[in-house]
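What follows is a set of notes on a single structure, which appears directly below.
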Amino acid sequence: MCPWIAVAYSAPVAAATVIFLIYPIGQGSFSDGMPLGISGTFNFMIVFQAEHNILMHPFHMLGVAGVFGGSLFSAMHGSLVTTSLIRETT
């Protein structure tokens, strides 16, 4: 296996570590961390947005633009590959 698979899976592991371990330690209490479950997660996201205004952070904006740009380039690449598979019959 390539080492890139481990590198790819390290990103969600790092994100979960930050959300479940580092952030509550920084806030001073594990009751401030993200709980497990749907309603607890949504409540955490609403409170986190109200306290930190993460939607206006420049790195969040760059990340969203990167995701949209990546999906655009993936769609363009897929359309180019698909059109190259069609054989000319004339």
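Residues in the sequence shown are numbered consecutively from -18, following the working numbering.
Ideal Cβ placement from N, Cα and C applies to all residues, glycine included.
Because the structure is a prediction, the values reported are computed rather than measured.
Could you tell me the boundaries of the alpha helix (DSSP H) in which residue i lies?
i       : result
Val45   : 39 to 66
Ser(-9) : -16 to -2
Asn24   : 19 to 33
Cβ of residue i within 8 Å of Cβ of residue j?
i     : j     : result
Pro16 : Phe25 : yes
Gly14 : Phe1  : yes
Check residue i in the structure and name its three-state DSSP category.
i     : result
Leu2  : helix
Ser10 : coil
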